[in-house]
Amino acid sequence: MSQSNSVGLIDLQIMWNRLIAVVEEQAQTLMRTAFSPIVRECGDLSAGVFDLQGRMLAQAVTGTPGHVNSMAESVKHFLRYFPIETMKPGDAYITNDPWMGTGHLNDFVITTPCFHNGKLVALFSCTSHLMDIGGIGFGPDATDVFMEGLYIPMLKLFDQGKANETLMAIIRANTRQPVDTEGDVYSLAGCNDVGARRLVEMLDEFGIDSLDQLGDHIIARSREAVLAEIAKLPKGTWHNTMTVDGYDEPVTLTASLTVSDTGIHVDYTGTSGVSRRGINVPHAYTTAYTVFGLGCVVSTHIPNNAGSLEPLTVSAPEGSILNAPKPSAVASRHVIGQMLPDVTFGCLRQAVPERVPAEGTSCLWNINVRGRVKGGEGGNYGFGMAITSNGGTGARPDKDGLSATAYPSGVRGTPVEIAETQTPLIFWRKEFRPDSGGAGRTRGGLGQIMEIESGIAEPFDLLAAFDRIDHPPRGRDGGADGEAGFVALKAGGKLKGKGFQLIPPGDRLVIMTPGGAGIGAPTERDRVQVANDLADGLISEEAANKLYAYKPPRAAE
């Protein structure tokens with residue numbers, strides 16, 4: 086097949102699917118080779134391929150929405166700093182700039198040019214979360230970004246195959262986990278190389294020498310498909326406001342959502358201003374999670390790329406917590422940013438209630454722990470881990486919410502076995518939290534209860550970044566609120582939802598993640614479902630009686 090001839094539609098569709106497979110292998114390579122458990126076990130990463138204009142043509146199915154859509158913006162920044170005419174085979178570029186990358190310093194983005202027969206044909210980019218990049222640590226306590234760790238501008242990581250050893254030495258010197266951090270950087274670069282090799286094989290197989298026609302096809306078809314779905318929606322503007330815990334004071338998130346013939350626009354005018362602490366959100370991350378939420382309602386079957394994202398636009402006032410300028414502290418930007426699908430759902434439920442869930446936990450309940458181990462730890466200075474944990478999602482109009490499930494992030498929960506292997510911590514308890522899902526015709530998903538203790542006679546640090554403690558997920562149409570989250574010591578004493586705290590040896594950290602909210606009157610819930618929930622231990626007999634007006638039949642005497 087010659088590139089000079091027009092490629093048929095069927096061949097274009099085949100190549101499109103093949104391209105998605107290429108970037109999925111890229112992402113799976115990153116998971117298999119990463120050192121950090123949050124990447125290799127939990128999938129806190131993203132991978133994609135871009136054309137020479139910086140347009141995203143395909144993203145891996147594996148990955149988080151906050152990375153995928155904000156990474157697309159970072160590629161355009163790389164192109165400004167490193168024009169395509171200067172790129173050479175073996176080059177690779179790196180940054181963790183929160184305003185040019187994916188929102189905080191812990192996410193490193195690496196972009197690699199792909200050459201075919203000496204000609205630049207595409208760019209592969211990937212990102213993942215590196216657990217420790219120095220500074221105050223992965224938590225919300227900092228008051229500016231420079232306290233949060235090593236800040237890497239747009240730099241060249243590889244120059245025609247030669248690693249930037251000076252940069253790597255600086256990275257190793259500025260982290261408590263130099264072995265893991267260095268390994269994660271090279272895993273990012275390596276997965277791009279795998280993607281590039283697979284693309285070259287694809288070009289040879291189909292007999293083409295560029296992605297120009299395929300890229301135009303992907304962008305145009307995807308844009309048309311999203312606009313066709315938007316055309317089915319009612320036209321108008323809807324508003325919603327949601328309050329969450331914040332750090333020192335509550336944060337108000339206000340949205341106006343407009344559906345028109347040309348797309349959907351979400352404006353966050355009225356949202357709280359920048360916080361003094363590290364829960365601020367750069368605009369690219371705000372856009373990422375807003376657009377993801379819209380896509381979950383409008384275009385679930387359409388692959389993410391520049392075309393499908395184009396009709397979905399976002400604005401937030403500069404100086405607001407959702408468009409925080411440099412040098413705002415942003416390490417825990419996920420706590421606020423991952424609330425945004427719920428905010429947009431509150432607008433969309435007024436237009437298409439049959440498509441929209443109730444509020445859920447939304448933000449990850451990462452148990453960010455850190456400590457020292459006597460005698461060293463394989464070249465690292467102690468241990469550090471983000472033990473990803475999740476609460477319940479909101480009830481859906483026709484189904485219950487999901488229990489202990491990360492939505493919208495999609496990150497998997499850290500297996501207990503991995504956490505106990507990588508750290509000296511012991512999990513004494515990890516189970517569903519009964520009655521935490523908001524009662525309703527459809528019930529909210531359950532949170533979970535965990536008890537964690539140091540297995541050695543040493544304290545450990547908790548860098549808390551939790552939410553939905555003072556402002557639980559809100560029920561809808563008569564459904565009950567989800568149960569609020571809770572953090573405490575086993576021996577007594579409530580802990581703060583955000584900030585550095587020391588967990589003493591011999592005591593246990595108790596974590597109770599929130600439950601999702603319910604939809605509809607609980608008394609309308611199917612009696613068989615109530616009985617099943619009771620039998621499975623998801624609700625108590627008291628809740629069944631009080632909330633659902635259900636009395637279980639007694640065994641015949």
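Under the numbering used here, the final residue of the sequence shown carries the number 642; numbering is consecutive throughout. Note that beta-carbon positions come from the ideal geometry of N, C-alpha and C, so glycine has one too.
- Segment contact: the stretch 244 to 252 against the stretch 428 to 440, fewer than three CB-CB distances shorter than 8 Å; contact not assigned.
- In the DSSP assignment, Cys-199 falls within the unbroken beta strand (DSSP E) covering 192 to 201.
- Here the alpha carbons of Thr-212 and Ser-625 stand approximately 43 Å from one another.
- Runs of beta strand (DSSP E) with 3 or more residues, each lying fully within the stretch 363 to 441, are found at 397 to 400, listed in chain order.
- Taken atom to atom, the span from the alpha-carbon of Thr-339 to that of Thr-356 is near 5 Å.
- The beta carbon of Ile-472 sits closer than 6 Å to the beta carbons of Ile-452, Thr-499 and Ala-504 from its chain, once the five residues preceding and following it are set aside; these are given in chain order.
- Val-382 places its beta carbon less than 8 Å from that of Arg-440.
- Taken through DSSP and simplified to helix, strand or coil, Glu-516 comes out as strand.
- In the DSSP assignment, Ile-95 falls within the alpha helix (DSSP H) that extends over 94 to 118.
- DSSP places Val-613 in no beta strand (DSSP E) but in the uninterrupted alpha helix (DSSP H) bounded by 612 to 620.
- Scanning the stretch 460 to 542 for uninterrupted beta strand (DSSP E) segments of 3 residues or longer gives 468 to 472, 510 to 517 and 533 to 539, listed from N- to C-terminal end.
- Of the candidates Pro-590, Arg-518 and Arg-526, the residue whose Cα lies closest to the Cα of Lys-484 is Arg-526.
- DSSP places Asn-453 outside any alpha helix (DSSP H); the residue lies instead in the beta strand (DSSP E), whose first and last residues are 452 to 456.
- Distance between Thr-446 and Gly-601, taken at the CA atoms: about 6 Å.
- With a 10 Å radius around the Cβ and a threshold of 16 neighbouring Cβ atoms, Leu-623 comes out buried.
- Cβ-Cβ distances below 8 Å link Lys-320 to Val-344, Ser-345 and Asp-346 in the same chain, with the five nearest sequence neighbours on each side left out; the list follows chain order.
- Membership of Asp-301 in the alpha helix (DSSP H) is indicated by the continuous run 297 to 315.
- Lys-241 sits in a strand when the DSSP states are folded into three classes.
- Straight-line measurement puts the Cα of Asn-389 at about 31 Å from the Cα of Gly-234.
- For Ile-169, the number of other beta carbons within 10 angstroms of its own is below 16, and it is reported as exposed.
- Put simply, the stretch 133 to 142 touches the stretch 300 to 307. At least three CB pairs are less than 8 Å apart.
- Residue pairing by DSSP puts Ser-345 in a beta bridge opposite Gly-348.
- In this structure Arg-283 is in contact with Glu-110, their Cβ atoms being roughly 6 Å apart against a cut-off of 8 Å.
- CA-CA distance, Leu-632 to Pro-607, rounds to 6 Å.
- Glu-267 and Ser-307 have their C-alpha atoms roughly 38 Å apart.
- Between Pro-519 and Arg-559, the alpha-carbon positions lie close to 18 Å from each other.
- Take Thr-149, set aside five residues on each side of it, and the residues of its chain with a beta-carbon closer than 8 Å to its own are Gly-128, Asp-129, Leu-130, Ser-131, Ser-494, Gly-495 and Val-496, in chain order.
- Scanning the stretch 152 to 184 from its first residue to its last, the whole beta strand (DSSP E) runs of 3-plus residues come out as 177 to 180.
- With fewer than 16 other Cβ atoms from the protein chains shown falling within 10 Å of its own Cβ, Gln-245 counts as exposed.
- Proximity of the stretch 325 to 342 to the stretch 156 to 168 falls short of the contact definition, fewer than three beta-carbon pairs being nearer than 8 Å.
- Shown here for Ala-573: same chain residues with a beta carbon closer than 7 Å to its own, the five before and five after excluded, namely Lys-579, Leu-580 and Val-595 in chain order.
- Looking at the DSSP output, Asn-325 bridges to Ala-340.
- Judged by their CB atoms, Gly-224 and Ser-417 are nearer to each other than the 8 Å cut-off.
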